[in-house]
Structure formats: structure tokens, C-alpha cells
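Q: Submitted below is the structure of interest, expressed as C-alpha cells.
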Amino acid sequence: MSILKLVEDRPTPSVVYNWRIYLLAAVASCTSCMIGYDSAFIGTTLSLDSFKSEFHFDDMSTTTKNLISANIVSCYQAGAFFGALFVYPIGHFWGRRVGLLASGLVFTLGAGIMLGANGQRGLGLLYGGRVLAGIGVGAGSNITPIYISELAPPAIRGRLVGVYELGWQIGGLVGFWINFGIDETMAPSHKQWIIPFAIQLIPSGLLIIGAYFIRESPRWLFGRGRREQAIKNLCWIRQLPEHDIYMIEEIGAIDQALDEQRRNIGIGFWKPFKAAGTNKKVMWRLFLGSALFFWQNGSGINAINYYSPTVFKSIGVRGTNTSLFTTGIFGVVKTIVTFIWLLWLIDHVGRRNLLLVGAAGGSVCLWIVGAYIKVAQPQNNPSESLSSGGIAAMFFFYLWTVFYTPTWNGTPWVLNSEMFDPNMRSMAQACAAASNWLWNFLVSRFTPQMFTAMGYGVYFFFASLMMLSIVFVYFLVPETKGIPLESMEQLFDIKPVRHAHGKMVAQLRENEELFRNDVEAAGIDTGKMRTEQVEDTSAQPKYA
Numbered sequence: 001m002s003i004l005k006l007v008e009d010r011p012t013p014s015v016v017y018n019w020r021i022y023l024l025a026a027v028a029s030c031t032s033c034m035i036g037y038d039s040a041f042i043g044t045t046l047s048l049d050s051f052k053s054e055f056h057f058d059d060m061s062t063t064t065k066n067l068i069s070a071n072i073v074s075c076y077q078a079g080a081f082f083g084a085l086f087v088y089p090i091g092h093f094w095g096r097r098v099g100l101l102a103s104g105l106v107f108t109l110g111a112g113i114m115l116g117a118n119g120q121r122g123l124g125l126l127y128g129g130r131v132l133a134g135i136g137v138g139a140g141s142n143i144t145p146i147y148i149s150e151l152a153p154p155a156i157r158g159r160l161v162g163v164y165e166l167g168w169q170i171g172g173l174v175g176f177w178i179n180f181g182i183d184e185t186m187a188p189s190h191k192q193w194i195i196p197f198a199i200q201l202i203p204s205g206l207l208i209i210g211a212y213f214i215r216e217s218p219r220w221l222f223g224r225g226r227r228e229q230a231i232k233n234l235c236w237i238r239q240l241p242e243h244d245i246y247m248i249e250e251i252g253a254i255d256q257a258l259d260e261q262r263r264n265i266g267i268g269f270w271k272p273f274k275a276a277g278t279n280k281k282v283m284w285r286l287f288l289g290s291a292l293f294f295w296q297n298g299s300g301i302n303a304i305n306y307y308s309p310t311v312f313k314s315i316g317v318r319g320t321n322t323s324l325f326t327t328g329i330f331g332v333v334k335t336i337v338t339f340i341w342l343l344w345l346i347d348h349v350g351r352r353n354l355l356l357v358g359a360a361g362g363s364v365c366l367w368i369v370g371a372y373i374k375v376a377q378p379q380n381n382p383s384e385s386l387s388s389g390g391i392a393a394m395f396f397f398y399l400w401t402v403f404y405t406p407t408w409n410g411t412p413w414v415l416n417s418e419m420f421d422p423n424m425r426s427m428a429q430a431c432a433a434a435s436n437w438l439w440n441f442l443v444s445r446f447t448p449q450m451f452t453a454m455g456y457g458v459y460f461f462f463a464s465l466m467m468l469s470i471v472f473v474y475f476l477v478p479e480t481k482g483i484p485l486e487s488m489e490q491l492f493d494i495k496p497v498r499h500a501h502g503k504m505v506a507q508l509r510e511n512e513e514l515f516r517n518d519v520e521a522a523g524i525d526t527g528k529m530r531t532e533q534v535e536d537t538s539a540q541p542k543y544a
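In this text, residue positions in the sequence shown follow UniProt numbering: the first is 1, and each later residue adds one.
Structure, rendered in C-alpha cells:
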């Protein structure tokens, strides 16, 4: 099987996998560029001598410095928690496109306010701006995965939602290296540390521009009763006419899913909340989706992202510039393995297997890193260069990155974007995104204190949580790769969980065969229909 070969739930015209679907995913994923950049640049910016000097960090005690650093970092996550919830009514009433636009506008306002901070005005503008920027990225983390999953053909849904994760890593890569670059090329000054804050405006500006031109989600339009526009948008995205057999099947599946939803949950703003409180199946999937982000943050990733200089210092890396360089390498490794995850792993290996392998391998690496710090005690035995043991610890740290990034980094977002019915999807994604930001906030808020109080025990703590996540995934999380969004209800009904995917795929293929037999019995030649559509491209511009 080639690296780009697709595993399809039904015969799919190659034109469906076109540039338009990738462009829409890329525009929406500017939100994740905003998130990734912030998670990477803020910790290294706070470690710059120019920032410490302007805000008089050298005159503070270690406890005070840890508190202020934690507050600067974590108020962003606090804003994101509320943003993920506040955007739900926007996504429900005004659509995914308006939600993306609102995300970009609020973030841009927050980023602009941060640029007003300096030594004389104090940190107030920085705090306020980061809360607003957090609200913006929280909204984006809710809307973007939903929007992409609702556009995506099943065979590449993981890959397309993975574009969201790729944007996160590209933003992070820039964020990890920006401070190394300015530390190398600029003398310490106000301008030196304000530049990383100003660069935040680039991805948010691209999102605002792109949101004016992208198409609204057809599935959202179907749910709002705007059928004609929904079909027009779906045909434009698929580059197929309405009468193509593939389009007939997809529209029919959407209609059927909406009918079932009207019977089981209902259509309306408050219906998902009622279902969440009364429907045990919905409650269970909400628990699974939110719990995935507990385990994701339990890996320690955000402790490393936001406080990477502190992490590398604990291993024995000395000097601000050296720490920034090793942090930059961390960003490079994450980006490279994200490409592998995006192109092959997520839609071939599958979601469930990735989570199991990533947790097992990552846990082993953290146990080794923690054991080295316990034995060698590099902070009590400073050296100008890393010892052989320190080099080995760095190797296992980067190996942990290789295990974590293509597994737990983006896969929970993919799962949450696809495991709910249409009318539940916005509310469920709001809960999942809020869960992510809640745990993110707790980790970022208390990491400095954890390193001070626990030392090497921090690594053992996160390694233990990764081991426990294996049990959670193995017994509770079914595989969802290649399963249409409209079939998720049946998938989660199948027990035991480890066999659910195979049984569901077999059922889908049986249903597909029955449908095609019925169509042929009605005298419709599906092969001729598709051949005529491919050859008669003059019919397609009316959908463009």
C-alpha cells in the first residue's frame, strides 16, 4: 500500500479529493497556527533577558517570578476555556464561517492590546490582551475541527482534520525559533521582545481575509433547512453535479441522519443540552471526548510547550541561547513527524492504534528521562556541556516527541470532530475544546511550581498518566477511521469496542451493495452516469 493510497468506505470518484477541500481546510486551520505559535513563543519570550530586565524580574524572588510567569501564560488558557463555550451559539445560529471570522477578529484585538505593554505601564495590558486572544483561539479550537470534518470525504477526514494539527505545528515551529533568531541578531531591548508578540497578527489576519471567501459547511446548511444552498456548496466542494451517484448517496445519508436526529435528539439550540443530560449514549460520548484531552494534557506536552527552557534546564542544558536552540530542535521534530501523521498514519494506522502506541512509547521515554535526572542531579552538578548521560536523556526526550506528536497531539481533535450527530456536534466540540483548555490551564498554571517542588518527579508523574491512558483507550475508545459521520451512532453501539470498527465496515459494505442493486434494478446505469459526468466537464462550471 502506497503512502497516499486511500481506504474508502465506498467507491469514490477521484475528483472528490480535489484542491478545494484542502484549501478550505488550510484557511480554517489558520486558527491552529495562532494556537501553536502562542504555545511555543510565550515561554521562550519570558526567558529573554530583555523581557526580564524591562519588567524587573531580577529584583523578584523565585516564587514571585514563577507566579508571574504562570499568570502570563495561563490567563490565555483561561480565556480559551470560555471562548470554546461562548462560540457555540455563534456556530449554531450563524454558521461555521461566521464563527471562524469571529475567532480571528477577537484574537487580533487581543494581540493588538498586548503590543501596548511596557515597563512603565506594567503587565496589565499583557494580561488583558492574552485573555482576549485566548477567547479567540478557544472559539477557533471549537469551530475549526467541526468545519473541516463536515466538509471531508470519509477516506481523508483524518488527514483533513490533521491539517488543523499541521497548522498548530507550523505555528509552533515559528514560535520556537523566533526567539532564538532575535536573541542571535538583536541586542536586548523593548523591540527585541515585542517582535514575537507582533507576529501573532499574521495568522489571525490571514484567517480574517480567508473567512470572507470560504464556503459555509453544507451539513450545517442542511440542518438549518437551507437545502438548495447546501447542495450547491456540496457540489462545489466535491466538484460533482447533483445527479452523480456519489452525490445522491451522500445527500441521502445526510437526510437520513437528520431524520434520525429529529426523532432521537431533536433540532434546536437547547435540544443537545437536553440530550446531554438525559440520553446515556450522548453522555457517554461526551465523557469519552472530554476525557481524551485529560489524557492528552497528562502526557506533559503543555508543560514542555510553555516552559521548554525550564524543561531543558532540568536535564542540564545551560545558557539562554543554547536552551532556545534545543527548544527549536524540539519544534522541528514535532513538525516533521506531524507530516508523517497527516499523510499516512491517521487514515491508515487509525486513531485507536496511534493512541495506544504513543502512550506506551512516550511513557517509557519519560521514565528514562526522570531516572537520569534523579541519578545524575544535573541542577546540583552544573557543567558547561552535557555529559554522555545528559545526551542520552536528550535523545529519549526527542524520542518521546516522536512518540507523542503523531499520536496524542492531534488524534483527540480528530476523534472529537467526527463522533457526534450533526446537531450535537457543535455542543460536543465546545465541551471537548473547553476540556482541553481547562486541563491546559491547570498544567500551564502550576508547571513552574511542580518543577520546584517535585523535580524529577514531574517526569514520573506524566509517565504514569500515559500508562493509565492505555487502559482507557483499549477498553473504551472504538476505531473511527473511514466511517461516515452519519454512521457513528451505530459504531458506538457495537460491543466489544475493539471489534466495533471491523463489524461496522462490513455492515457499510453490505448496505452499499444493497443500495446499488436497488439503483440498478430501477434501471439506472451507475457506471454510465459517472462516465458521462467525468467526460462532460462543461456541466460543472455552474457549481463553481
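Cβ coordinates follow ideal geometry from the N, Cα and C atoms, glycine included.
Nearest CA to the CA of Trp400: which residue from Tyr459, Pro153 and Ala428?
A: Tyr459
Q: Go ahead and label Lys334 buried or exposed: buried means 16 or more other beta carbons lie within 10 angstroms of its beta carbon, across all protein chains shown.
A: buried
Q: How about Phe293 and Ser435: are their beta carbons less than 8 Å apart?
A: yes
Q: Give the DSSP-derived three-state secondary structure of Asn118 in the structure shown.
A: Asn118 carries a strand assignment under DSSP once its states are collapsed to helix, strand and coil.
Q: Please state whether the Cβ-Cβ distance between Ile113 and Val73 is less than 8 Å.
A: no
Q: Quick one, which of Asp58, Ser32, Pro241 and Lys313 has its alpha-carbon nearest Leu206's?
A: Ser32
Q: Alpha carbon to alpha carbon, what distance is there between Leu173 and Asp255?
A: 42 Å
Q: Output the distance between the C-alpha atoms of Ser69 and Gly79, rounded to the nearest integer angstrom.
A: 16 Å
Q: Cys431: which of Gly119, Glu184, Gly289 and Phe213 sits nearest, CA to CA?
A: Gly289
Q: Quick check on DSSP: helix, strand or coil for Ala152?
A: coil
Q: How is Ser2 classed by DSSP in three states: helix, strand or coil?
A: Residue placement at Ser2 is flagged as unreliable, the pLDDT there being 41, under the threshold of 50; the coordinate-derived value follows with that caveat. Residue state, collapsed to three classes: coil.
Q: Which first and last residues belong to the alpha helix (DSSP H) in which Phe41 is found?
A: Cys30 to Leu46
Q: Using only alpha-carbon positions, find the residue among Ser149, Glu165 and Phe222 that is nearest to Lys481.
A: The shortest Cα separation from Lys481 among Ser149, Glu165 and Phe222 belongs to Ser149.
Q: Closest to Leu201 by CA distance: which of Pro241, Leu151 and Ala133 is it?
A: Ala133
Q: Please go through the segment 288–336 and give each complete alpha helix (DSSP H) segment of 4 or more residues, from N-terminal end onward.
A: 301–306 and 308–315
Q: Only counting the same chain, and skipping five residues up and downstream in sequence, which positions put a Cβ closer than 6 Å to that of Pro218?
A: By the criterion of a C-beta distance shorter than 6 Å, Pro218 is surrounded in its chain by Ala230, Asn233 and Leu234, once the five residues flanking it on both sides are discounted.
Q: Can you find the residues in the same chain that come closer than 7 Å, C-beta to C-beta, to Arg97, ignoring five residues on each side of it along the sequence?
A: Ala211, Ile214 and Glu216
Q: Identify whether Phe273 lies in helix, strand or coil by the three-state DSSP scheme.
A: helix
Q: Identify whether Asn380 lies in helix, strand or coil by the three-state DSSP scheme.
A: coil
Q: Among Ala26, Cys30 and Phe51, which has the Cα closest to the Cα of Leu160?
A: Ala26
Q: By Cβ distance below 7 Å, which residues in the same chain neighbour Thr12 in space, the five residues on each side in sequence not counted?
A: Pro153, Ala155 and Tyr246
Q: With DSSP collapsed to three states, give me the class of Pro145.
A: helix
Q: Taking just the CA atoms, how far does Pro272 sit from Val87?
A: 15 Å
Q: Taking DSSP as the reference, what is the three-state secondary structure of Gln200?
A: coil
Q: When you compare only the Cα positions, how much space is there between residue 581 and Gly328?
A: Because the chain is modelled from 1 through 544, residue 581 falls outside the range shown and cannot be assessed.
Q: Hey, is the segment 45–56 in contact with the segment 181–198, meaning 3+ C-beta pairs nearer than 8 Å?
A: With a cut-off of 8 Å, the segment 181–198 and the segment 45–56 count as touching, because enough Cβ pairs lie within range.
Q: Report the three-state DSSP secondary structure of residue 546 (helix, strand or coil).
A: A query on residue 546 cannot be resolved here, the shown segment of the chain reaching from 1 to 544 and no further.
Q: In whole angstroms, what separates the C-alpha of Phe492 from that of Lys281?
A: One C-alpha to the other measures close to 8 Å.
Q: Enumerate in chain order the residues of its own chain whose CB-to-CB distance from Arg351 is below 8 Å, with the five nearest sequence positions on each side excluded.
A: Gly158, Thr411, Val414, Leu415, Val477, Glu479, Thr480 and Lys481
Q: What is the DSSP secondary structure of Thr531, counted as helix, strand or coil?
A: Summary for Thr531: the model assigns pLDDT 46, below 50, so the residue's position carries little reliability, and this model does not support an answer.
Q: Under 8 Å, do Met467 and Phe461 count as touching if we go by C-beta distance?
A: no
Q: Leaving aside the five residues before and after residue 558 along the sequence, list all residues of the same chain whose C-beta is less than 6 Å from its C-beta, in chain order.
A: Summary: the structure shown does not reach residue 558, with the chain confined to residues 1 through 544, and so no result is reported for it.
Q: Closer than 7 Å by C-beta to Asn297: which residues in its own chain qualify, once you throw out the five before and the five after it? Chain order, please.
A: Trp439, Asn440 and Val443
Q: Buried or exposed: where does Trp341 fall if 16 or more other Cβ atoms within 10 Å of its Cβ makes it buried?
A: Buried, since its Cβ has 16 or more Cβ neighbours within 10 Å.
Q: Check whether the Cβ atoms of Gly138 and Ala84 sit closer than 8 Å, and answer yes or no.
A: yes
Q: Which same chain residues, not among the five before or five after Ser29, have their C-beta less than 6 Å away from its C-beta?
A: Val163, Tyr164 and Gly167
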